[in-house]
Amino acid sequence: MLFLVFCADPCVAVIPLMFAAAPLGWASTLAVVAAYELATIGTMVALVLPTRAVAASVRGRWADRYGDALAGGVIAGVGIAVVSLGL
Numbered sequence: 007m008l009f010l011v012f013c014a015d016p017c018v019a020v021i022p023l024m025f026a027a028a029p030l031g032w033a034s035t036l037a038v039v040a041a042y043e044l045a046t047i048g049t050m051v052a053l054v055l056p057t058r059a060v061a062a063s064v065r066g067r068w069a070d071r072y073g074d075a076l077a078g079g080v081i082a083g084v085g086i087a088v089v090s091l092g093l
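All residue numbers for the sequence shown refer to the numbering used here, where the first residue is 7 and numbers rise by one.
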């Protein structure tokens, strides 16, 4: 479901492309949107599948015991980086 939400999200990067294609008609505008969505979905799949394969190969008690804490730490670290860098 999260994947579908991200795909349906109107990204700021595609808006100028849509404005550029709008004078060419609906077909061109839809082609631009379709190409953008295919590129986005393709990139997500190309990045997620290998990462998932590596993550699935990680086995051990430490992963079972501290995996949730590690994930929370990564999320907190990214949040701190975003706040400290002013992003």
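Think of the CB as a built atom: it goes at the ideal place given N, C-alpha and C, for glycine as much as any other residue.
All values reported here derive from a predicted model rather than from experimental measurement.
Just reading off the alpha helix (DSSP H) that valine 51 is part of, what are its end residues? Counting from 1 along the sequence shown, the entry for residue 51 is found at position 45. From DSSP, the alpha helix (DSSP H) with valine 51 extends over 32–63.
Rounding to the nearest angstrom, what Cα-Cα distance links proline 72 and leucine 55 in this structure? For the purposes of this step, residue 72 is taken as residue 66 along the sequence shown, with counting starting at 1. For the purposes of this step, residue 55 is taken as residue 49 along the sequence shown, with counting starting at 1. According to the sequence displayed, residue 72 carries tyrosine and not proline. Those two C-alpha atoms are separated by around 23 Å.
Touching or not, the segment 74–87 and the segment 43–55, by the rule of three or more beta carbon pairs under 8 Å? no
Have a look at alanine 41 and arginine 58 and give me their C-alpha separation to the nearest angstrom. Translated into the one-based positions of the sequence shown, residue 41 becomes position 35. Translated into the one-based positions of the sequence shown, residue 58 becomes position 52. Straight-line Cα distance between these residues: approximately 25 Å.
For glycine 66, which three-state DSSP category applies? As a first step, residue 66 is located in the sequence shown; it is residue number 60 there, counting from the start. Glycine 66: coil per DSSP, three-state reduction.
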